[in-house]
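Chemist: Count along the sequence shown from 1, then add 8; that gives the number in the numbering used here. Just so you know, even glycine gets a beta-carbon here, dropped at the ideal spot from N, CA and C. Here's a structure for you.
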Amino acid sequence: MYNSQNQRIWAASRDEADEKGGIKVKQKSPQKVMVWLGLCSKGVTPLVIFDPGTVDHAEYIKKALPVALKYGNKTFGKHWTFQQDGAKPHIHHLTQTWCPDNFPSLIDKDHCHRIVQI
């Protein structure tokens, strides 16, 4: 007999359990997905879905930042500010070079938490 609450097969012996399919394997958690989404007073950016694995600065610069730039420019023109937190891809020196070179205004890694704190 299969117990769906704890995923066990009740049997008198291992052989009997094997005949009935052994222990049924069920995935308890879905596969992990890494996404990026920007939000502001006017709405949300298009969703960026990253390839499986850890997102590094190169992927962040290549995939997420251009989406933020395009959305910000389309929504606000040249009068808006981009802010990011202290995640590793955000604070990488190449990201810290790309952002001020491309965004009209930036709250960088050294200043974002000073503004948020009350």
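What is the DSSP secondary structure of Gln92, reduced to helix, strand or coil?
Modeler: coil
Chemist: Hey, how far is the Cα of His87 from the Cα of Ser113?
Modeler: Those two C-alpha atoms are separated by around 8 Å.
Chemist: Taking only three categories from DSSP, how would you classify Cys107?
Modeler: helix
Chemist: For Ala66, which residues of its own chain have a beta-carbon under 8 Å away from its beta-carbon, when the five flanking residues on both sides are left out?
Modeler: Cβ within range, chain order: Leu102.
Chemist: Specify the secondary structure class of Val56 as computed by DSSP and reduced to three states.
Modeler: strand
Chemist: Taking buried to mean at least 16 other C-beta atoms within 10 Å of its own C-beta, is Pro60 buried or exposed?
Modeler: exposed
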